[in-house]
Amino acid sequence: MFFSLPILFLAPSLIRHRHRLPLRVVSTDHATEVFRLIDTDASGNICNTELKEVLERLDINASTDDVAALFKFLDKDGDGEVIEAEFLDWYQEMASAVESETNAVRRTLIGRRTVNNFDRTPVPEDVLYNAIEAAISAPNHKMTEPWRFITLGKDTISKIAELNASEIAKKNPEKALKKKERWEAIPGWCVITSKKSDGGIQEEEDFAATCCAIQNFSLSMWTDGVGTKWTSGPVTRTKEFADICGINLDDEKFVGCLWYGFASGGLGSLKTPPRKLSVDDVLSSLP
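In the working numbering, the protein residues as written are 365 to 651.
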(Lines of atoms letter the chains of each structure in order from A; the text may use other names.)
(Lines give C-alpha, C1' and ligand atoms only; values in the text may rest on other atoms or scores of the structure.)
Protein backbone atom coordinates (compact mmCIF):
# COMPACT_ATOMS: atom_id res chain seq x y z
CA MET A 365 0.00 0.00 0.00
CA PHE A 366 1.20 3.51 -0.76
CA PHE A 367 0.96 7.10 0.37
CA SER A 368 -0.91 9.38 -2.03
CA LEU A 369 1.31 12.41 -2.34
CA PRO A 370 -1.03 15.28 -3.22
CA ILE A 371 -2.55 15.24 0.25
CA LEU A 372 0.65 14.66 2.17
CA PHE A 373 1.76 18.25 2.44
CA LEU A 374 -1.56 19.52 3.73
CA ALA A 375 -1.94 20.18 7.43
CA PRO A 376 -2.52 16.93 9.38
CA SER A 377 -5.94 18.17 10.51
CA LEU A 378 -7.01 18.54 6.87
CA ILE A 379 -5.66 15.11 6.03
CA ARG A 380 -7.72 13.47 8.75
CA HIS A 381 -10.93 15.19 7.79
CA ARG A 382 -10.72 15.23 4.00
CA HIS A 383 -9.02 11.99 3.09
CA ARG A 384 -8.45 8.38 4.06
CA LEU A 385 -4.77 7.67 3.46
CA PRO A 386 -3.43 4.41 2.11
CA LEU A 387 -1.20 3.03 4.83
CA ARG A 388 2.20 1.44 5.33
CA VAL A 389 4.76 1.34 8.12
CA VAL A 390 6.53 4.70 8.30
CA SER A 391 10.15 4.72 9.47
CA THR A 392 12.18 7.92 9.70
CA ASP A 393 15.31 5.80 9.98
CA HIS A 394 14.48 4.26 6.62
CA ALA A 395 13.71 7.69 5.16
CA THR A 396 17.13 8.88 6.35
CA GLU A 397 18.84 5.87 4.77
CA VAL A 398 17.08 6.42 1.43
CA PHE A 399 17.79 10.17 1.42
CA ARG A 400 21.49 9.56 1.98
CA LEU A 401 21.55 6.79 -0.61
CA ILE A 402 20.25 9.19 -3.26
CA ASP A 403 22.44 12.02 -2.00
CA THR A 404 25.48 10.42 -3.63
CA ASP A 405 27.85 13.34 -2.99
CA ALA A 406 26.93 13.44 0.73
CA SER A 407 26.14 17.14 0.47
CA GLY A 408 23.05 16.84 2.66
CA ASN A 409 20.92 18.25 -0.18
CA ILE A 410 18.86 16.81 -3.03
CA CYS A 411 17.44 18.36 -6.17
CA ASN A 412 14.01 18.00 -7.74
CA THR A 413 14.74 14.82 -9.71
CA GLU A 414 16.42 13.23 -6.68
CA LEU A 415 13.39 14.01 -4.55
CA LYS A 416 11.22 12.00 -6.95
CA GLU A 417 13.55 9.01 -6.59
CA VAL A 418 13.50 9.31 -2.80
CA LEU A 419 9.69 9.29 -2.81
CA GLU A 420 9.53 6.28 -5.11
CA ARG A 421 11.88 4.32 -2.88
CA LEU A 422 9.69 5.16 0.11
CA ASP A 423 6.59 3.90 -1.76
CA ILE A 424 5.05 7.35 -2.05
CA ASN A 425 3.14 7.71 -5.33
CA ALA A 426 3.98 11.03 -6.98
CA SER A 427 3.50 12.51 -10.42
CA THR A 428 5.96 15.02 -11.83
CA ASP A 429 3.62 17.85 -10.87
CA ASP A 430 3.24 16.41 -7.36
CA VAL A 431 6.99 16.31 -6.90
CA ALA A 432 7.37 19.88 -8.17
CA ALA A 433 4.74 21.11 -5.73
CA LEU A 434 6.30 19.28 -2.80
CA PHE A 435 9.77 20.47 -3.76
CA LYS A 436 8.57 24.08 -3.79
CA PHE A 437 6.93 23.51 -0.41
CA LEU A 438 10.10 22.07 1.14
CA ASP A 439 12.61 24.42 -0.50
CA LYS A 440 11.86 27.19 1.94
CA ASP A 441 14.81 29.41 1.03
CA GLY A 442 14.31 28.94 -2.70
CA ASP A 443 17.90 27.86 -3.40
CA GLY A 444 16.84 24.94 -5.60
CA GLU A 445 17.72 22.26 -3.07
CA VAL A 446 16.00 20.43 -0.22
CA ILE A 447 18.14 19.70 2.79
CA GLU A 448 17.88 16.46 4.73
CA ALA A 449 16.49 18.06 7.88
CA GLU A 450 13.70 19.78 5.94
CA PHE A 451 12.68 16.55 4.25
CA LEU A 452 12.78 14.50 7.45
CA ASP A 453 10.78 17.11 9.39
CA TRP A 454 8.05 16.88 6.73
CA TYR A 455 8.21 13.10 6.66
CA GLN A 456 7.93 12.86 10.45
CA GLU A 457 4.94 15.21 10.46
CA MET A 458 3.20 13.04 7.89
CA ALA A 459 4.06 9.93 9.90
CA SER A 460 2.27 11.44 12.89
CA ALA A 461 -0.70 12.40 10.71
CA VAL A 462 -1.29 8.83 9.51
CA GLU A 463 -0.63 7.15 12.86
CA SER A 464 -4.31 7.12 13.78
CA GLU A 465 -5.14 5.46 10.46
CA THR A 466 -2.48 2.81 11.05
CA ASN A 467 -3.89 2.14 14.49
CA ALA A 468 -7.38 1.81 13.00
CA VAL A 469 -6.17 -1.01 10.76
CA ARG A 470 -4.53 -2.75 13.69
CA ARG A 471 -7.65 -2.34 15.84
CA THR A 472 -9.68 -4.07 13.11
CA LEU A 473 -7.23 -6.97 12.97
CA ILE A 474 -7.21 -7.40 16.74
CA GLY A 475 -10.81 -6.43 17.46
CA ARG A 476 -12.71 -8.62 14.98
CA ARG A 477 -14.93 -11.17 16.72
CA THR A 478 -17.12 -14.09 15.68
CA VAL A 479 -20.82 -13.25 15.57
CA ASN A 480 -23.28 -15.96 16.58
CA ASN A 481 -26.56 -14.05 16.45
CA PHE A 482 -27.70 -11.95 13.51
CA ASP A 483 -30.53 -9.54 12.77
CA ARG A 484 -32.65 -10.45 9.74
CA THR A 485 -31.83 -7.35 7.65
CA PRO A 486 -30.08 -8.37 4.40
CA VAL A 487 -26.54 -7.14 3.88
CA PRO A 488 -26.16 -4.75 0.90
CA GLU A 489 -24.64 -6.28 -2.21
CA ASP A 490 -21.79 -3.76 -2.33
CA VAL A 491 -20.64 -4.90 1.13
CA LEU A 492 -20.47 -8.49 -0.15
CA TYR A 493 -18.67 -7.34 -3.31
CA ASN A 494 -16.10 -5.46 -1.21
CA ALA A 495 -15.55 -8.54 0.93
CA ILE A 496 -14.96 -10.79 -2.08
CA GLU A 497 -12.60 -8.22 -3.57
CA ALA A 498 -10.61 -8.19 -0.33
CA ALA A 499 -10.70 -11.99 -0.15
CA ILE A 500 -9.20 -12.55 -3.59
CA SER A 501 -6.36 -10.18 -2.71
CA ALA A 502 -5.07 -12.72 -0.18
CA PRO A 503 -1.48 -14.04 -0.44
CA ASN A 504 -1.39 -16.81 -3.04
CA HIS A 505 1.78 -18.68 -3.98
CA LYS A 506 2.17 -19.09 -7.77
CA MET A 507 -1.07 -17.10 -8.23
CA THR A 508 -3.17 -20.25 -8.61
CA GLU A 509 -6.26 -18.39 -7.32
CA PRO A 510 -7.79 -21.61 -6.00
CA TRP A 511 -10.84 -20.14 -4.31
CA ARG A 512 -14.50 -20.14 -5.24
CA PHE A 513 -17.24 -18.22 -3.42
CA ILE A 514 -20.83 -19.43 -3.58
CA THR A 515 -23.56 -17.21 -2.13
CA LEU A 516 -26.74 -19.01 -1.13
CA GLY A 517 -30.30 -17.82 -1.59
CA LYS A 518 -33.30 -18.63 0.59
CA ASP A 519 -34.23 -21.85 -1.21
CA THR A 520 -30.72 -23.28 -0.91
CA ILE A 521 -30.42 -22.19 2.72
CA SER A 522 -33.71 -23.95 3.50
CA LYS A 523 -32.44 -27.16 1.92
CA ILE A 524 -29.27 -27.06 4.02
CA ALA A 525 -31.21 -26.19 7.17
CA GLU A 526 -33.50 -29.14 6.50
CA LEU A 527 -30.54 -31.46 5.86
CA ASN A 528 -28.97 -30.46 9.16
CA ALA A 529 -32.26 -30.69 11.06
CA SER A 530 -32.98 -34.17 9.74
CA GLU A 531 -29.93 -35.54 11.52
CA ILE A 532 -30.67 -33.73 14.76
CA ALA A 533 -34.31 -34.86 14.66
CA LYS A 534 -33.25 -38.49 15.04
CA LYS A 535 -32.39 -37.70 18.67
CA ASN A 536 -34.23 -34.46 19.44
CA PRO A 537 -37.06 -33.30 17.11
CA GLU A 538 -37.73 -30.13 19.12
CA LYS A 539 -34.08 -29.06 18.94
CA ALA A 540 -34.04 -29.85 15.22
CA LEU A 541 -36.96 -27.50 14.55
CA LYS A 542 -35.38 -24.64 16.49
CA LYS A 543 -32.06 -25.15 14.71
CA LYS A 544 -33.78 -25.13 11.32
CA GLU A 545 -35.60 -21.90 12.09
CA ARG A 546 -32.41 -20.30 13.36
CA TRP A 547 -30.41 -21.25 10.28
CA GLU A 548 -33.13 -20.02 7.91
CA ALA A 549 -33.11 -16.65 9.70
CA ILE A 550 -29.40 -16.01 9.07
CA PRO A 551 -29.41 -13.40 6.27
CA GLY A 552 -26.11 -14.16 4.52
CA TRP A 553 -24.44 -17.43 3.57
CA CYS A 554 -21.26 -17.81 1.52
CA VAL A 555 -19.63 -21.18 0.93
CA ILE A 556 -15.92 -21.16 0.07
CA THR A 557 -14.02 -23.93 -1.69
CA SER A 558 -10.42 -24.50 -2.74
CA LYS A 559 -9.28 -26.27 -5.91
CA LYS A 560 -7.79 -29.73 -5.63
CA SER A 561 -4.61 -30.36 -7.60
CA ASP A 562 -1.71 -32.72 -6.91
CA GLY A 563 -2.76 -33.77 -3.42
CA GLY A 564 0.62 -32.51 -2.19
CA ILE A 565 2.35 -29.26 -1.35
CA GLN A 566 0.57 -27.17 -3.95
CA GLU A 567 -2.83 -28.26 -2.70
CA GLU A 568 -1.81 -27.52 0.89
CA GLU A 569 -0.63 -24.06 -0.11
CA ASP A 570 -3.85 -23.43 -2.03
CA PHE A 571 -5.91 -24.45 1.00
CA ALA A 572 -3.86 -22.09 3.18
CA ALA A 573 -4.35 -19.26 0.67
CA THR A 574 -8.11 -19.84 0.73
CA CYS A 575 -8.08 -19.64 4.53
CA CYS A 576 -6.30 -16.29 4.20
CA ALA A 577 -9.02 -15.22 1.77
CA ILE A 578 -11.68 -16.09 4.33
CA GLN A 579 -9.92 -13.94 6.92
CA ASN A 580 -9.80 -11.03 4.46
CA PHE A 581 -13.50 -11.52 3.75
CA SER A 582 -14.32 -11.37 7.45
CA LEU A 583 -12.16 -8.31 8.09
CA SER A 584 -13.73 -6.45 5.17
CA MET A 585 -17.20 -7.24 6.46
CA TRP A 586 -16.21 -6.08 9.94
CA THR A 587 -14.99 -2.70 8.66
CA ASP A 588 -18.41 -2.26 7.02
CA GLY A 589 -20.16 -3.00 10.32
CA VAL A 590 -21.14 -6.56 9.39
CA GLY A 591 -20.32 -9.66 11.44
CA THR A 592 -19.35 -13.13 10.28
CA LYS A 593 -19.06 -16.67 11.56
CA TRP A 594 -16.84 -19.26 9.89
CA THR A 595 -18.64 -22.60 10.19
CA SER A 596 -17.50 -26.08 9.21
CA GLY A 597 -19.81 -28.39 11.13
CA PRO A 598 -20.54 -32.05 10.32
CA VAL A 599 -23.30 -31.32 7.79
CA THR A 600 -20.92 -29.28 5.64
CA ARG A 601 -18.70 -32.34 5.24
CA THR A 602 -21.39 -34.43 3.62
CA LYS A 603 -21.89 -35.17 -0.06
CA GLU A 604 -25.49 -34.04 0.29
CA PHE A 605 -24.29 -30.58 1.34
CA ALA A 606 -21.85 -30.50 -1.58
CA ASP A 607 -24.56 -31.48 -4.03
CA ILE A 608 -26.91 -28.76 -2.75
CA CYS A 609 -24.14 -26.16 -3.13
CA GLY A 610 -22.99 -27.38 -6.53
CA ILE A 611 -19.57 -28.46 -5.28
CA ASN A 612 -17.75 -31.14 -7.27
CA LEU A 613 -15.75 -32.94 -4.59
CA ASP A 614 -13.47 -34.45 -7.21
CA ASP A 615 -12.26 -30.99 -8.22
CA GLU A 616 -12.58 -28.83 -5.12
CA LYS A 617 -12.44 -29.02 -1.36
CA PHE A 618 -14.88 -27.41 1.05
CA VAL A 619 -13.06 -24.90 3.26
CA GLY A 620 -15.80 -23.09 5.13
CA CYS A 621 -19.26 -21.62 5.19
CA LEU A 622 -19.41 -18.00 6.26
CA TRP A 623 -22.56 -16.72 7.85
CA TYR A 624 -22.75 -12.94 7.70
CA GLY A 625 -25.13 -10.22 8.76
CA PHE A 626 -25.70 -7.37 11.17
CA ALA A 627 -24.91 -8.51 14.70
CA SER A 628 -27.85 -8.61 17.08
CA GLY A 629 -27.09 -5.90 19.62
CA GLY A 630 -24.34 -4.44 17.43
CA LEU A 631 -20.68 -5.37 17.03
CA GLY A 632 -19.85 -3.31 20.11
CA SER A 633 -21.87 -5.68 22.30
CA LEU A 634 -19.62 -8.66 21.56
CA LYS A 635 -17.40 -9.84 24.36
CA THR A 636 -13.69 -10.28 23.85
CA PRO A 637 -12.62 -13.77 24.94
CA PRO A 638 -9.28 -13.83 26.73
CA ARG A 639 -6.36 -15.23 24.76
CA LYS A 640 -4.44 -18.01 26.45
CA LEU A 641 -1.12 -17.13 24.88
CA SER A 642 0.64 -13.76 24.69
CA VAL A 643 3.08 -12.51 22.06
CA ASP A 644 5.96 -13.57 24.28
CA ASP A 645 4.48 -17.07 24.52
CA VAL A 646 4.46 -17.61 20.77
CA LEU A 647 7.46 -15.56 19.62
CA SER A 648 10.84 -17.25 19.42
CA SER A 649 14.11 -15.58 18.41
CA LEU A 650 17.17 -17.34 17.05
CA PRO A 651 20.68 -15.90 16.86
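Even glycine gets a Cβ: it sits at the ideal position worked out from N, Cα and C.
- Taking the DSSP output, what are the residues bridged to residue 622? Per DSSP, the beta-bridge partners of residue 622 are 554 and 594.
- Item | Run of the alpha helix (DSSP H) containing residue 571, from where it starts to where it stops | Counting along the chain, the alpha helix (DSSP H) containing residue 571 begins and ends at 565–587.
- Can you tell me whether DSSP reads residue 479 as helix, strand or coil? Coil at residue 479, not helix or strand.
- Item | 8 Å Cβ cutoff met for residue 651 and residue 573 | Result no, Cβ atoms of residue 651 and residue 573 do not sit closer than 8 Å.
- Just how far apart, CA to CA, sit residue 358 and residue 560? This structure leaves residue 358 out entirely; the chain is present only between 365 and 651.
- Message: What would DSSP say about residue 529, mapped onto helix, strand or coil?
- Response: Here residue 529 sits in helix by DSSP.
- If residue 605 sits next to residue 550, beta carbons under 8 Å apart, how far is it from one beta carbon to the other, in whole angstroms? The C-beta distance from residue 605 to residue 550 rounds to 16 Å, too long to fall under 8 Å, and the pair is not in contact.
- Message: Mapping the DSSP letters down to three states, classify residue 627 as helix, strand or coil.
- Response: DSSP places residue 627 in strand when its eight states are reduced to three.
- Message: Using a Cβ distance threshold of 8 Å, determine whether the segment 483–497 contacts the segment 632–641, with at least three qualifying pairs required.
- Response: Between the segment 483–497 and the segment 632–641 there are fewer than three inter-stretch CB-CB distances shorter than 8 Å, so the stretches are not counted as touching.
- Run through DSSP, which three-state label would residue 545 get? Taken through DSSP and simplified to helix, strand or coil, residue 545 comes out as helix.
- Please determine, among 395, 637, 540 and 406, the residue with the shortest C-alpha to C-alpha distance to residue 421. Taking only the C-alpha atoms, the option nearest residue 421 is 395.
- Task: Specify, as a first and last residue, the run of the beta strand (DSSP E) that residue 515 falls within.
- Result: It spans 511–515 - the beta strand (DSSP E) in which residue 515 sits, taken as one unbroken run.
- residue 522 versus residue 611: straight-line alpha-carbon distance, rounded: Roughly 17 Å separates the two Cα atoms.
- Message: Restricting to Cα atoms, I'd like to know which of 407, 586, 607 and 528 is closest to residue 471.
- Response: Residue 471 has its Cα closest to that of 586, out of 407, 586, 607 and 528.
- Give the single residue among 534, 513 and 409 whose Cα lies nearest to the Cα of residue 558. Among 534, 513 and 409, the Cα nearest to that of residue 558 is on 513.
- Query: Taking Cβ positions, are residue 431 and residue 415 nearer each other than 8 Å?
  - Reply: Yes, they are a contact pair.
- Item | Contacting residues, own chain, Cβ-Cβ under 6 Å from residue 505 (five flanking each side not counted) | Correct list, in chain order: 569.
- Span of the alpha helix (DSSP H) holding residue 421? In the DSSP annotation of this structure, the continuous segment of the alpha helix (DSSP H) that includes residue 421 starts and ends at 412–421.
- Message: Within a Cβ cutoff of 7 Å, which residues of the same chain sit near residue 418, ignoring the five residues on either side of it in sequence?
- Response: Closer than 7 Å at Cβ, skipping near neighbours: 398, 399, 402 and 410.
- Message: Tell me the residue span of the alpha helix (DSSP H) that contains residue 603.
- Response: Here the alpha helix (DSSP H) through residue 603 covers 603–609.
- Do you know whose CA, among 616, 428 and 553, lies nearest residue 412's CA? Nearest C-alpha to residue 412: 428.
- Item | CA-to-CA distance, residue 406 to residue 615, given in whole angstroms | Computed Cα separation, rounded: 60 Å.
- Once you ignore the five residues that flank residue 479 on each side, which residues in its own chain have a CB closer than 6 Å to its CB? Here the set comprises 591, 593 and 627.
- Give the DSSP-derived three-state secondary structure of residue 523 in the structure shown. Here residue 523 sits in helix by DSSP.
- Message: I need the DSSP call for residue 638, collapsed to helix, strand or coil.
- Response: Residue state, collapsed to three classes: coil.
- Query: Buried or exposed: residue 385, going by 16 or more other Cβ atoms within 10 Å of its Cβ?
  - Reply: With a pLDDT of 33 at residue 385, under the threshold of 50, the predicted position of this residue should be treated as unreliable, and no value is reported.
- Message: Please state the DSSP three-state secondary structure of residue 487.
- Response: It is coil, neither helix nor strand.
- Work out the CA separation of residue 433 and residue 440 for me, nearest whole Å. Cα to Cα, residue 440 sits roughly 12 Å from residue 433.
- Message: Give me, in chain order, the residues of the same chain whose beta-carbon lies closer than 8 Å to that of residue 544; leave out the 5 immediate sequence neighbours on both sides.
- Response: So the qualifying residues of the chain are 525, 526, 528 and 529.
- Task: Reducing DSSP to helix, strand and coil, say where residue 536 ends up.
- Result: Note: residue 536 maps to coil in three-state DSSP.
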